[in-house]
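Sequential numbering of the sequence shown, starting at 1086, is according to this note's numbering.
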Amino acid sequence: MDNAAMPDPENVPVRIEVTDGASIPDPKDPRIITAWSISLFGAILTLVLLCFCIPDRYVPIVKKLPEGIWITFQVTVFSIIFTIPLGCMVGLGRLSRFRPLNLLVSTYVEVIRGIPLLVQLFYIYYGMSKLLNVPAKVAAVVSLTFCYGAYMGEVFRAGISAIPKGQTEAARSLGFNRVQTMWYIILPQAWRTILPPVGNECIALLKDTSLISILAVPDLLRVAREHASTSFHYFETYTVVAIFFLIITLILSKCVSIMELRLSHYDRR
1086 MDNAAMPDPE NVPVRIEVTD GASIPDPKDP RIITAWSISL FGAILTLVLL CFCIPDRYVP
1146 IVKKLPEGIW ITFQVTVFSI IFTIPLGCMV GLGRLSRFRP LNLLVSTYVE VIRGIPLLVQ
1206 LFYIYYGMSK LLNVPAKVAA VVSLTFCYGA YMGEVFRAGI SAIPKGQTEA ARSLGFNRVQ
1266 TMWYIILPQA WRTILPPVGN ECIALLKDTS LISILAVPDL LRVAREHAST SFHYFETYTV
1326 VAIFFLIITL ILSKCVSIME LRLSHYDRR
């Protein structure tokens, strides 16, 4: 991800691949039977068969888990809303020629990426609680934002670095200043490059919301743990949780793929 490839002469967008998230389906793949479709329909079919064959164990779980899914989506959406602007600022800071700013942002990236998210959740939640009465959900959003802001910053940095320097030189020759060049010329081109990895990081963020259950946030995993502790159906409960997460991440990965395809069509116009 750090060594982004330069675009080819035909101006084909560069795909920055990452390994810590879902696999984004190829938007240009015309086949109906793919790994994505097999995984999605296999997961749905498995869930339906389990509920049909063993309804007394699986149906109560399926009915109860939507309570936690809503909280999981809330935390995910708010975290993404704050993470993407933070990641953009971090990426620009990493490319800044102003040495103190570059050093400060780089230190933030190194520190955050060197500490596990679980530790950050505990640290921010209990640290903020000493100063303010912060709800667990707010602490979860802050922790996820700071954590994924560092990773997202590297995505933005790589995407911006992938734009040929000639684009900047051409913009400056037309009278654009640095801010205008970055906002109107570089970032729009970089966005189509970084869309797949940004979507990948957002999906990884969604999966990592499972960690916020330790803060007593009633998310998907927390609701599942409470159900398992009362029914003692641990295997069945976590099987349904795994299927739910798989279905959600597969749907989101397809949405990112569709966005990428539409963006490429828009660029050709």
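We put the CB at the ideal spot given by N, CA and C, even for glycine.
N- and C-terminal bounds of the alpha helix (DSSP H) containing residue 1307: Note, residue 1307: alpha helix (DSSP H), 1305–1316.
Beta-carbon gap between residue 1147 and residue 1136 smaller than 8 Å: yes
Length at least 4, wholly inside the stretch 1155–1182: the alpha helix (DSSP H) runs in chain order: none
Span of the alpha helix (DSSP H), counted from its first residue to its last, around residue 1198: 1184–1198
CA-to-CA distance, residue 1219 to residue 1092, given in whole angstroms: Its pLDDT being 44, under 50, residue 1092 is placed unreliably in this model, and the value from its coordinates should be taken loosely. Distance between the alpha carbons of residue 1092 and residue 1219: 46 Å.
Contact under 8 Å by Cβ, residue 1153 with residue 1293: no
Of the residues 1165, 1120, 1149, the one placed nearest residue 1315, counting alpha carbons only: 1149
Residues near residue 1205 in its chain [Cβ-Cβ closer than 8 Å; skip 5 each side]: 1197, 1228, 1231, 1232
Residue 1163 beta carbon near the ligand SAH (any heavy atom closer than 7 Å): Among the components modelled here there is no ligand, and therefore nothing to report on the ligand SAH.
Alpha carbon of residue 1143 to alpha carbon of residue 1156, nearest angstrom: 21 Å
Cβ pair count under 8 Å reaching 3, the stretch 1328–1340 against the stretch 1274–1290: yes
Same chain, Cβ closer than 6 Å to residue 1256, five either side skipped, listed in chain order: 1266, 1270
Residue 1277 versus residue 1348 - alpha carbon distance: 7 Å
Given residue 1128 as reference, the closest of 1325, 1170, 1306 once Cα atoms are compared: 1325
Alpha-carbon spacing of residue 1260 relative to residue 1342, whole angstroms: 36 Å
Three or more C-beta pairs below 8 Å linking the stretch 1185–1196 and the stretch 1243–1257: no
Anticipated Cβ contact below 8 Å, residue 1203 with residue 1272, distance rounded: That pair is no contact at about 33 Å.
Closest Cα partner of residue 1225 within the set 1308, 1321, 1165: 1165
Secondary structure of residue 1115, DSSP reduced to three states: coil
Length of the line joining the Cα atoms of residue 1306 and residue 1298: The straight-line gap separating the alpha-carbon atoms of residue 1306 and residue 1298 is approximately 6 Å.
DSSP state of residue 1414 mapped onto helix, strand, coil: Nothing can be reported for residue 1414: it is not among the residues displayed for the chain, which extend from 1086 to 1354.
Minimum length 4: unbroken alpha helix (DSSP H) runs contained in the stretch 1254–1339: 1272–1293, 1305–1316
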